[in-house]
Structures are given as structure tokens and as C-alpha cells.
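**Q** Encoded as C-alpha cells, here's the structure I'll be asking about.
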Amino acid sequence: MHNKQDIHNLNALIGRLMTLVQLRHFLELANTASFSKSAVKLHLSQPALSRSIKSIEDEFGQQLFDRVGRKIELTAFGQYFYVQARDLVDRATNLKQSSHQLLSGQTGKVRVGLGSGPGALLTSPLLKYVASEFPKAHLEIARGHTTLLVQALRDRQLDALVLDIRSLNPSSDLEVESLCELPGAFMCRKGHPLSKARQVTLVKLKDYPVASTPLSDEVARILVDRYGADAHPDVLVNLRCEEISSLLDVVRSTDAIVVAVRSLGPDLVTLKMSPELNATAKFGWVSLRSRSESPLCGYLRTATKEILSGH
Numbered sequence: 001m002h003n004k005q006d007i008h009n010l011n012a013l014i015g016r017l018m019t020l021v022q023l024r025h026f027l028e029l030a031n032t033a034s035f036s037k038s039a040v041k042l043h044l045s046q047p048a049l050s051r052s053i054k055s056i057e058d059e060f061g062q063q064l065f066d067r068v069g070r071k072i073e074l075t076a077f078g079q080y081f082y083v084q085a086r087d088l089v090d091r092a093t094n095l096k097q098s099s100h101q102l103l104s105g106q107t108g109k110v111r112v113g114l115g116s117g118p119g120a121l122l123t124s125p126l127l128k129y130v131a132s133e134f135p136k137a138h139l140e141i142a143r144g145h146t147t148l149l150v151q152a153l154r155d156r157q158l159d160a161l162v163l164d165i166r167s168l169n170p171s172s173d174l175e176v177e178s179l180c181e182l183p184g185a186f187m188c189r190k191g192h193p194l195s196k197a198r199q200v201t202l203v204k205l206k207d208y209p210v211a212s213t214p215l216s217d218e219v220a221r222i223l224v225d226r227y228g229a230d231a232h233p234d235v236l237v238n239l240r241c242e243e244i245s246s247l248l249d250v251v252r253s254t255d256a257i258v259v260a261v262r263s264l265g266p267d268l269v270t271l272k273m274s275p276e277l278n279a280t281a282k283f284g285w286v287s288l289r290s291r292s293e294s295p296l297c298g299y300l301r302t303a304t305k306e307i308l309s310g311h
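Residue numbers (our numbering): 1 to 311.
Written out as C-alpha cells, the structure reads:
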């Protein structure tokens, strides 16, 4: 019998002294019980295989095989060593395979935070992308306000963000890659009283509820520049929430008007504002400068850019 200390010592010795090549030599010989057959399979000469096995026996001061004529069989120590060696080689093989899968993006876990606009455009496409291209990988998507998402990124609860980067305060610890700019618009349902108007002024617009997600300071500045102080989101917007999909549902079934990225409401009518809005959302990929990007995260970044370019 081997006590726990013996097992610990054996594992320590194996980890320190044995190479995986030697262990594979031993396992092959134990499986074939023939030096000649094992040598052929391992592409070694019989003397070289004998030296490899003898080096293991010398390290432990124990014989691994009993030689009976031309036949060999495992000793009691050899039988125990076989179990341990097979486990170590299997774990090393699994580690190699797992590392390859991780480096190729086939496995791994990525947590991405999406702002309101990107969330509406990207949530389903990114989930479908991972499900089809990396079925063994893990993708978690978080939605929320920019401030909360950035804090989660800094706390390493998220790996990357996709935001309207105009709502982001510049910071030296953040890496920001611009992905695309998408035009914004005031939109309403088909059949809305303003849907066929040749020109819509702010005065006419304010006869109806106005909906939006939280807008950046830059967008607020553009609105005020175009239409005056009454166009500031704090004054103009009646209905505000992070989920643009919910706001779009409201607009489709009421006389509410939404200000959002145009491509989010392909079934809605763009109001002909006077003057024209001429504003865009600038979406970007945000990560921590101090954090290395995983292969899977890199694939997602590329996919995100391709998805947004289609809008």
C-alpha cells in the first residue's frame, strides 16, 4: 500500500524529473509489452527506448518491468506508476488541446457591456454569431447606463464595451476604438399626424410626447444649436429609458416621437425637421489599456464592426 505522503512524493518527483516524452515511452511499452514493437511505433531504436525506461527506473530506484525471457510485465510499482503517468499525460494533452482552443477562440468566456443604441443593434446578432461560430464559447451581454458599464469594466466584471463614445468621459486607462457613425433622426409611426408634413418645427414637435434613451452632452449641444434651448433633452424629452426597444414599441402604438439612430426603426417614418437634425451617434469599442485582449474578444470586436457597418 502507498500512503498519501508516498503519493505526494511520487507526483512531485514525476513533475520534477520526468519529461512527457519519457512518460509516453513508458506508457507505450506498458501497453505493448514489447520493446521491439514499441520502438517501431515510437520511431526509436531499441537501445534508445531501453535508456529512456532505465532513466526513469534510476530516478526512482524502482524497477518498472519484470523481464521474463522475451516477455516483460509491469512490476507492482510499475502498475502504480502507470496509473499516475497516464493521468499526467492525459492532463497534459487536455491542457494542450484547451490552450489551442482558447487561442483560436473556440473556447473562453467574454463579457460585453452594451449601451442602449448598440444593445438594440448588436444583442441578437452577437449572440447568434457566437452560437454559430463558437458553440463551445461563453458570451455574456450586460445592458445599462454608460457610467455603470464603465465602472464594471474598470472592476473587470466586463471585458469590453460598445457605447456611443460621445457619452464617454476621456480617460487614460481606457482604450477606445471608433467603429462607425450612424445618423440620428426624429421618427414617428406611419399614419402619425406629422408623418407627411413637409417641414416639422420644434413647436410642432412639442405637441407630442418625445422619447429617447439618455443622450450625451454632445447630442444635447447639437439639439440646442439646431433648435434652441427648448430642445435640450432635459426639457424636450418626456419618455426616457435605457431600453430603446421599449421606446420604439411605444412609438409604434402611440403618437409619441422618438429621437434615435435611424436604423433602429426601419419601419418608422423620419420627420422632415426644419432645420435638419444632421446628428450622428458615434459607436466605439472600449476596453482597458492595461488588459490583454483574449482571442475570442478580438473576434467579437471584428464581428461587431462588421455588423454595425451593415447599418
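Cβ atoms here follow ideal geometry from the backbone N, Cα and C, with glycine treated the same way.
1) Roughly how many angstroms lie between the CA atoms of Pro266 and Ile307, to the nearest whole one?
2) Just the Cα atoms here: how many angstroms apart are Ala160 and His192?
3) Let's see if you can read the secondary structure: which residues bound the alpha helix (DSSP H) around Ala160?
4) Given a threshold of 16 other Cβ atoms within 10 Å of its Cβ, counted over all protein chains shown, does Asp58 qualify as buried or as exposed?
5) Quick one: what's Leu74 bridged to in DSSP?
6) For the 8 angstroms Cβ check, are there 3 or more pairs between the region 285-297 and the region 233-242?
7) Helix, strand or coil: which one does DSSP assign to Thr270?
8) From Leu277 to Pro209, what distance separates their C-alpha atoms?
9) According to DSSP, is Thr304 part of a helix, a strand, or is it coil?
10) Around the C-beta of Asp217, are 16 or more other C-beta atoms found within 10 angstroms, so that it is buried, or is it exposed?
11) Do Thr213 and Thr116 count as a contact pair if the criterion is CB distance below 8 angstroms?
12) Provide the residue span of the alpha helix (DSSP H) that contains Leu264, from first to last.
13) Go ahead and label Arg91 buried or exposed: buried means 16 or more other beta carbons lie within 10 angstroms of its beta carbon, across all protein chains shown.
14) Which residue wins for smallest C-alpha separation from Arg67, given the options Val162, Phe134, Ser50, Leu158?
15) Helix, strand or coil: how does DSSP classify Ile14 here?
16) Please state whether the Cβ-Cβ distance between Leu271 and Val162 is less than 8 angstroms.
17) How close, in whole Å, do the beta carbons of Glu242 and Gly144 come, if the pair is a contact with beta carbons under 8 angstroms?
18) Specify the secondary structure class of Lys282 as computed by DSSP and reduced to three states.
19) On the DSSP letters alone, give me the boundaries of the alpha helix (DSSP H) that Lys204 sits inside.
20) Do Val251 and Met187 have their beta-carbon atoms positioned less than 8 angstroms apart in this structure?
21) Apart from the five residues just before and just after Gln46, which ones in its own chain have a Cβ nearer than 7 angstroms to its Cβ?
22) Arg154: buried (16+ other C-beta within 10 angstroms of its C-beta) or exposed?
23) What are the start and end residues of the alpha helix (DSSP H) that includes Gly117?
24) Run through DSSP, which three-state label would Leu174 get?
25) Where do the N-terminal and C-terminal ends of the beta strand (DSSP E) with Arg24 fall, by residue?
26) For Val258, which option in Leu194, Asp164, Leu29 has the closest C-alpha, if you only look at C-alpha atoms?
27) From the beta carbon of Ala185, is the nearest beta carbon of chain C less than 8 angstroms away?
28) Once the 5 residues before and after Ile244 are set aside, which same chain residues still bring their CB inside 7 angstroms of it?
29) For Pro125, which residues from the same chain have a beta carbon less than 7 angstroms from its beta carbon, with the 5 sequence-adjacent residues on both sides left out?
30) How is Gly298 classed by DSSP in three states: helix, strand or coil?
31) Tyr299: buried (16+ other C-beta within 10 angstroms of its C-beta) or exposed?
**A** Taking the structure as given:
1) As a position in the sequence shown, residue 266 is number 266, starting the count at 1. As a position in the sequence shown, residue 307 is number 307, starting the count at 1. If I take the Cα positions, the gap works out to 16 angstroms.
2) As a working mapping, residue 160 is identified with position 160 in the sequence shown. As a working mapping, residue 192 is identified with position 192 in the sequence shown. Rounded to whole angstroms, Ala160 to His192 spans 39 angstroms at the Cα level.
3) Here residue 160 refers to the residue found at position 160 when the sequence shown is read from its first residue. Ala160: not part of any alpha helix (DSSP H); member of the beta strand (DSSP E) spanning 160-164, first to last residue.
4) Along the sequence shown, one-based indexing puts residue 58 at 58. Around the beta carbon of Asp58, a 10 Å sphere encloses fewer than 16 other beta carbons of the protein chains shown; the residue is thus reported as exposed.
5) Position 74 of the sequence shown, counting from 1, holds the residue named residue 74. When beta bridges are read from the DSSP output, Leu74 appears opposite Phe65.
6) The region 285-297, when compared against the region 233-242, does not touch it at the 8 angstroms Cβ threshold.
7) Translated into the one-based positions of the sequence shown, residue 270 becomes position 270. In the three-state reduction of the DSSP assignment, Thr270 falls in the strand class.
8) If you number the sequence shown from 1, residue 277 lands on position 277. If you number the sequence shown from 1, residue 209 lands on position 209. Those two C-alpha atoms are separated by around 18 angstroms.
9) Walking along the sequence shown from the start, residue 304 turns up at place 304. In this structure, Thr304 counts as helix in the three-state DSSP scheme.
10) Numbered from 1 along the sequence shown, position 217 holds the residue referred to as residue 217. The Cβ neighbour count for Asp217, taken over all protein chains shown within 10 Å, is under 16; the residue is labelled exposed.
11) Within the sequence shown, the letter at position 116 stands for residue 116. Within the sequence shown, the letter at position 213 stands for residue 213. According to the sequence as given, residue 116 is Ser; it is not Thr. Their beta carbons are under 8 angstroms apart, which means Ser116 touches Thr213 by this criterion.
12) Sequence index remark: in the sequence shown, residue 264 carries index 264 (1-based). Run containing Leu264: none; DSSP gives neither H nor E here.
13) Indexing the sequence shown from 1 puts residue 91 at position 91. Classification of Arg91: exposed, given that the 10 Å Cβ count is below 16.
14) In the sequence shown, counting from the first residue as 1, residue 67 sits at position 67. Per the Cα distances, Ser50.
15) For the purposes of this step, residue 14 is identified with residue 14 of the sequence shown, where counting begins at 1. With a pLDDT of 46 at Ile14, under the threshold of 50, the modelled position of this residue cannot be trusted; read the value that follows with caution. In this structure, Ile14 counts as helix in the three-state DSSP scheme.
16) For the purposes of this step, residue 271 is taken as residue 271 along the sequence shown, with counting starting at 1. For the purposes of this step, residue 162 is taken as residue 162 along the sequence shown, with counting starting at 1. No, the pair does not count as a contact, with Cβ atoms beyond the cut-off.
17) If you number the sequence shown from 1, residue 242 lands on position 242. If you number the sequence shown from 1, residue 144 lands on position 144. Rounded, the Cβ-Cβ distance is 6 angstroms, consistent with contact.
18) Here residue 282 refers to the residue found at position 282 when the sequence shown is read from its first residue. Three-state DSSP puts Lys282 in a strand.
19) For the purposes of this step, residue 204 is identified with residue 204 of the sequence shown, where counting begins at 1. Residues 202-205.
20) Start at 1 with the first residue of the sequence shown, and residue 187 comes out as number 187. Start at 1 with the first residue of the sequence shown, and residue 251 comes out as number 251. Yes, these two residues count as a Cβ contact at 8 angstroms.
21) Along the sequence shown, read from residue 1 onward, the residue named residue 46 stands at position 46. Within the same chain, Gln46 has close Cβ partners Phe35, Ser36, Ala39.
22) Along the sequence shown, one-based indexing puts residue 154 at 154. Burial call: exposed.
23) Position 117 of the sequence shown, counting from 1, holds the residue named residue 117. It spans 116-133 - the alpha helix (DSSP H) in which Gly117 sits, taken as one unbroken run.
24) Within the sequence shown, residue 174 is the residue found at index 174, counting from 1. Of the three classes helix, strand and coil, the one that applies to Leu174 here is strand, per DSSP.
25) Numbered from its first residue, the sequence shown carries residue 24 at position 24. Taken as a continuous stretch (DSSP letters only), Arg24 belongs to no beta strand (DSSP E), being part of the alpha helix (DSSP H) at 20-32.
26) In the sequence shown, residue 258 corresponds to position 258, counting from 1. With respect to the C-alpha of Val258, the residue from Leu194, Asp164, Leu29 having the closest C-alpha is Leu194.
27) Among the protein chains of the structure shown there is no chain C, as only one such chain exists.
28) For the purposes of this step, residue 244 is identified with residue 244 of the sequence shown, where counting begins at 1. Around Ile244: Ser116, Gly117, Ala120, Thr213, Ala260, Leu264.
29) Against the sequence shown, residue 125 aligns to sequence position 125. So the qualifying residues of the chain are Ile307.
30) As a working note, residue 298 is residue 298 in the sequence shown. In this structure, Gly298 counts as helix in the three-state DSSP scheme.
31) Position 299 of the sequence shown, counted from the start, is the residue given in the question as residue 299. So Tyr299 ends up on the buried side.
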